[in-house]
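The sequence shown begins at 5 in the numbering used here and counts up by one. Right, one structure below, let's go through it.
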Amino acid sequence: ELEIDYTYTRLHEGNELLRAYLNAAGRKLRNLPPPVEVFREIVAKKIVSVGSKIRSIFTKLSKAGKKEKMTELFNGAESRSDLVATFLAILELAKSKKINIIGDGADADIELLATDIEEMNSEEWE
């Protein structure tokens, strides 16, 4: 009598095995939540507050002799959030008459009108 070898010898791709497993396991496993890696980029985004940018702009203008090109205020921005916060900070400072914008476009100069950072602290900026 011959002995039968029951060793499985076929090779399968990982995707093929996963598909077979999901089909065998049923619908329950198909509705698993997405892996954490999918959310990592969304959650890890740095949020920059307008208040912190207002203080940063005050410091930069104070060191630059109270006047600076608008484009210089955007230099060093590391993210889209950083750029947006800088823009909103400039608008808020202009609205509250803490800075003066001279000119228009990229060549505009920003002139600091406030003399003390304490004048610039406001709860609405946080």
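Ideal Cβ positions, reconstructed from N, Cα and C, are used throughout, including at glycine. Note that the structure is predicted; figures quoted are calculated from it, not measured.
Worksheet item: Is the CB-CB distance between Ile106 and Ser85 below 8 Å?
Response: No, these two residues do not count as a Cβ contact at 8 Å.
Worksheet item: Around the Cβ of Phe62, are there at least 16 other Cβ atoms within 10 angstroms (buried) or fewer (exposed)?
Response: Phe62 should be labelled buried.
Item to complete: Starting from the N-terminal side, write out each stretch of the alpha helix (DSSP H) that is 4 residues or longer and does not extend beyond the segment 36-124.
Response: With a minimum length of 4 residues, the continuous alpha helix (DSSP H) runs that stay inside the segment 36-124 are 40-47, 54-67, 74-78, 84-99 and 121-124.
Discussion item. Buried or exposed for Thr75, going by 16 or more other Cβ atoms inside 10 Å?
Written reply: Counting Cβ neighbours within 10 Å, Thr75 comes out exposed, since fewer than 16 surround it.
Worksheet item: Whose CA, out of Asp108, Lys99, Ile94 and Ala68, lies closest to the CA of Phe78?
Response: Minimum Cα-Cα distance from Phe78 among the listed residues Asp108, Lys99, Ile94 and Ala68 corresponds to Ile94.
Worksheet item: So, is Ala89 buried or exposed, given that buried needs 16 or more other C-beta atoms within 10 angstroms?
Response: Flag for Ala89 reads buried.
Discussion item. So for Glu20, helix, strand or coil by DSSP?
Written reply: Glu20: helix per DSSP, three-state reduction.
Discussion item. Taking the alpha-carbon of Asp113 as reference, which of Leu92, Lys99, Glu96 and Leu65 has the nearest alpha-carbon?
Written reply: Among Leu92, Lys99, Glu96 and Leu65, the Cα nearest to that of Asp113 belongs to Leu65.
Fill in: Selection from Ala98, Ala68 and Glu72 that minimises the alpha carbon distance to Asp111
Residue Glu72 is the option with its Cα nearest to Asp111.
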